[in-house]
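All remarks here apply to the structure that follows.
Residue numbers (my numbering), protein chains in the order written: chain U, 1 to 405; chain F, 1001 to 1405.
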């Protein structure tokens, strides 16, 4: 499903193409985060207008609300949210371990209370795969056990062993070892896993592309554990590999160390996904280490705080210095916000708590991230990725220096 | 500026055309409310897509935030908010009297504390006209003194006398009797009022159409005061006439009585605007009484509450019965929301407090109101307004009966 088109001469940056049941994703790519089946404040059409080729949603959140039966009845996640391009669903492992209450990990799965209404739930790796099968996710993630930072080696080892075991079970559930039939339907599990998506009424392709399943490399900041995890997962065999458990408070240096070390352990021929990272600088660094896929709440979360990304740094649009600034957020930007509205107007909207302000900045930021990836791909194509990266990082750094004055 | 195209045979409903500096408005019309230079949750483009021909904004709110100097520097209100169609600005009288704190009315003007930061302000009728001149409003409203309901006759009389005096001063300030120069500019007042809008950099017409000024008929529920107000305002002479101080808690019957009584007292050749009204039924009734223009926060406020308008009544989309309803809000509706999303998805968005939900319902409701007016105009054109009105009101009533079962 993944075609490696080109590898950069000076760095490990890669140009690729990932085929999914809902279309092709050009890599390196950024996936806007639609946790609850919506990228916060934006419509699906705005994401299309931003040229987003794929979005991310979250199994834990969707399982709790609206619930699997609702999404099933809607004809899958794509139909439910009116998005006909690829979707990657996170397993919800991170959310179960960070958001849910009264959580108990067992080898069989994880028991927790909903952060919404306190109701008790038990999710196994198999259940998480089955949920994503019903969603019709183009890319599924297996249930894993992330750890916080810092984490003792014995705890990291224990969580890793479970994560690997769960990954094996997830793969088995998806492809080889059906355990139980899917809810109220009489179709045996094996059959469902191998059914072309079109049969489930969620695909627009010719039915020849299955749902993809990625493996998640954990291991905290311990490089030997990361190595072991990568090797074991590659042994099991997945459609792609994610680097999880980074950007959890360990600092920039360690994020880069773990990413660089782990990325090269993963097969050349499969896409590599760095989960939950990051700033434009982080993305440039990780691309140069050979990472292909990214997701982060930063563009939308910062958007709702009134912080806009530009190539020369961030603008805090709530700042009163923008009150009389009637230029766009970024003169060179082609997004709907920059084509139509000024900093002064957006500052007024933010200042008066008008929701349009949150929308306009979120939209600009998503466009910025998607365009950043497009420019990165262009730079790799034209053998000038190193220069592009240097230039962008210098522009950011200059901005920081200006602030320091 | 107003052309009366046709009057209905069976009712007083009128078909008209109001020319303004930023284009023609077909009447009867509905003006979406953009209190703070934005129709809550929506972009200007969405209003255009809804075929809204005019929007309303508010002098009191804009005067406090972002302030007149900001809007002036932006090149006027249209440029500030990226809307190149007509704008009517309410004077802010209603807001000063209902929202501001520590308010003191004098014959000269009204002193008040900002509801935002408590700062003291003094607004005269002349200042309110000057503010709207700088906004570049296509239709300006004079400062008035509305009263609450119920109101003693002596209080209503006192407020009315002041309102009439202020209306006279507003007209004088706009057209005849400049009192002071406009802020930091050396242009004498008289000159500004008669300057073509294009000179102020806010118009897209050939500069031949001035800003319009309407008069506001007050008088509480006292018909003799309403009559006196109408006659005195007509004597002064305005580009259009508003019926103010209705829908302030007096009940449907009295709204209709006052509107019906007042509308016929106003000149045939000028547009009539019923301020702040109302439900689809209210609008149908008022149109049949000869009213041409409407504004109301209902479509957007209800939208943010999750209440959608349809021809057969309102839908409370937060209701759990819509959880598995995968039909659009209204099958016959052509709005972006109904073309793309289902009740079940919108219910999920509202239930999970996702801002897209507020947007989608607000958008549908604005489209509904604008289309209602379009259908009303079509019905008047084709001599079937009475039937159209009856049918719509019956459909609503049937719905209410169904609920009662």
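All C-beta atoms, glycine included, are put in the ideal place defined by N, C-alpha and C.
Checklist entry - To which residues does DSSP link residue 277 of chain U through a beta bridge? => result None; residue 277 of chain U has no bridge partner.
Next on the checklist: Please confirm whether residue 1200 of chain F has its beta-carbon closer than 8 Å to some beta-carbon of chain U.
Outcome noted: Summary for residue 1200 of chain F: the model assigns pLDDT 42, below 50, so the residue's position carries little reliability; its value from the coordinates is reported in the next sentence. With its beta carbon at least 8 Å from every one in chain U, residue 1200 of chain F lies outside the interface.
Item to check | Where residue 335 of chain U sits in the DSSP three-state scheme | outcome: Assignment of residue 335 of chain U by DSSP, reduced to helix, strand and coil, places it in the coil class.
Checklist entry - With burial defined as no fewer than 16 other Cβ atoms inside 10 Å of the residue's Cβ, what is the status of residue 1185 of chain F: buried or exposed? => result Note that residue 1185 of chain F scores 43 on pLDDT, short of 50, meaning its location in the model is unreliable and no value can be drawn from it.
Checklist entry - Going straight from the alpha carbon of residue 96 of chain U to that of residue 103 of chain U, what length do you get? => result 7 Å
Checklist entry - When we look at the beta-carbon of residue 16 of chain U and count the other beta-carbons within 10 Å, is it buried (16 or more) or exposed? => result Buried is the call here.
Checklist entry - With which residues is residue 1128 of chain F paired in a DSSP beta bridge? => result Beta-bridge partners of residue 1128 of chain F (DSSP): none assigned.
Item to check | Limits of the beta strand (DSSP E) - the one that residue 1018 of chain F falls within | outcome: Looking at the DSSP string, the run of the beta strand (DSSP E) that includes residue 1018 of chain F is 1014-1020.
Next on the checklist: Using a Cβ-Cβ cutoff of less than 7 Å, which residues in the same chain neighbour residue 1269 of chain F once the five nearest sequence positions on both sides are dropped?
Outcome noted: 1002, 1004
Next on the checklist: My parser needs the beta strand (DSSP E) runs of 3 or more residues fully inside the region 1066-1137 of chain F; what are they?
Outcome noted: 1087-1090, 1101-1105, 1110-1113, 1120-1123
Next on the checklist: Quick check on residue 1010 of chain F - is its C-beta less than 8 Å from some C-beta in chain B?
Outcome noted: Although the question refers to chain B, the structure presented lacks it and instead comprises the protein chains U and F.
Next on the checklist: If distances are taken between C-alpha atoms only, which option among F:1085, F:1033, F:1302, F:1383 comes closest to residue 1025 of chain F?
Outcome noted: F:1085
Item to check | Status (buried if at least 16 other CB within 10 Å, exposed otherwise) for residue 229 of chain U | outcome: buried
Checklist entry - Would you say the region 1253-1267 of chain F touches the region 1327-1338 of chain F, given that touching needs at least three Cβ pairs under 8 Å? => result They do not touch, by the three-pair rule.
Item to check | Chain-ordered chain F contacts of residue 40 of chain U [CB-CB under 9 Å] | outcome: 1354, 1355, 1356
Checklist entry - What three-state label does DSSP hand residue 1383 of chain F in the structure shown? => result coil
Item to check | Rounded Cβ spacing between residue 274 of chain U and residue 291 of chain U (contact assumed at less than 8 Å) | outcome: Between residue 274 of chain U and residue 291 of chain U the beta-carbon gap is near 5 Å, inside 8 Å, which marks them as a contact.
Next on the checklist: What does DSSP give as the partner residue(s) for residue 1308 of chain F in the beta ladder?
Outcome noted: F:1315
Checklist entry - Between residue 301 of chain U and residue 1355 of chain F, what straight-line distance do the alpha-carbon atoms span, to the nearest angstrom? => result 13 Å
Item to check | For residue 229 of chain U, the first and last residue of its enclosing beta strand (DSSP E) | outcome: No beta strand (DSSP E) contains residue 229 of chain U, which is instead part of the alpha helix (DSSP H) from 223-236.
Next on the checklist: Taking the straight line between their C-alpha atoms, what separation do you get for residue 1056 of chain F and residue 1042 of chain F?
Outcome noted: 14 Å
Checklist entry - Do you know whose CA, among F:1293, F:1347, F:1313, F:1342, lies nearest residue 1027 of chain F's CA? => result F:1293
Checklist entry - Since residue 1136 of chain F and residue 1078 of chain F are thought to touch, with beta carbons under 8 Å apart, how far apart are those beta carbons, to the nearest angstrom? => result Beta-carbon to beta-carbon, residue 1136 of chain F and residue 1078 of chain F are separated by about 6 Å, close enough to satisfy the 8 Å threshold.
Checklist entry - With 16 other CB atoms within 10 Å as the buried threshold, where does residue 1235 of chain F fall? => result Counting Cβ neighbours within 10 Å, residue 1235 of chain F comes out exposed, since fewer than 16 surround it.
Checklist entry - Run through DSSP, which three-state label would residue 149 of chain U get? => result coil
Checklist entry - Does DSSP put residue 257 of chain U in a helix, a strand or coil? => result helix
Item to check | Within chain F, partners of residue 27 of chain U - CB distance below 9 Å | outcome: Correct list: empty, because the minimum Cβ distance to chain F is about 28 Å.
Checklist entry - From residue 1149 of chain F to residue 1227 of chain F, what distance separates their C-alpha atoms? => result 18 Å
Checklist entry - For residue 1393 of chain F, which three-state DSSP category applies? => result helix
Next on the checklist: By the three-class DSSP mapping on this structure, what secondary structure does residue 352 of chain U have?
Outcome noted: Correct three-state label for residue 352 of chain U: coil.
Checklist entry - Listed from N- to C-terminal order along the chain, which residues in the region 1069-1098 of chain F have their beta-carbon within a distance smaller than 7 Å of any beta-carbon of chain U? => result The residues in question are 1070, 1073, 1074, 1080, 1081, 1082.
Next on the checklist: Just to confirm the assignment, what range does the alpha helix (DSSP H) spanning residue 59 of chain U have?
Outcome noted: Residues 59-64.
Next on the checklist: Is the beta carbon of residue 1071 of chain F closer than 8 Å to that of residue 1134 of chain F?
Outcome noted: yes
Item to check | Residue burial classification, residue 94 of chain U (beta-carbon count within 10 angstroms, cutoff 16) | outcome: buried
Next on the checklist: Along the region 154-167 of chain U, where does the CB come closer than 9 Å to a CB of chain F? Name the residues.
Outcome noted: none
Checklist entry - Going by the beta-carbon positions, is the gap between residue 1271 of chain F and residue 1018 of chain F smaller than 8 Å? => result yes
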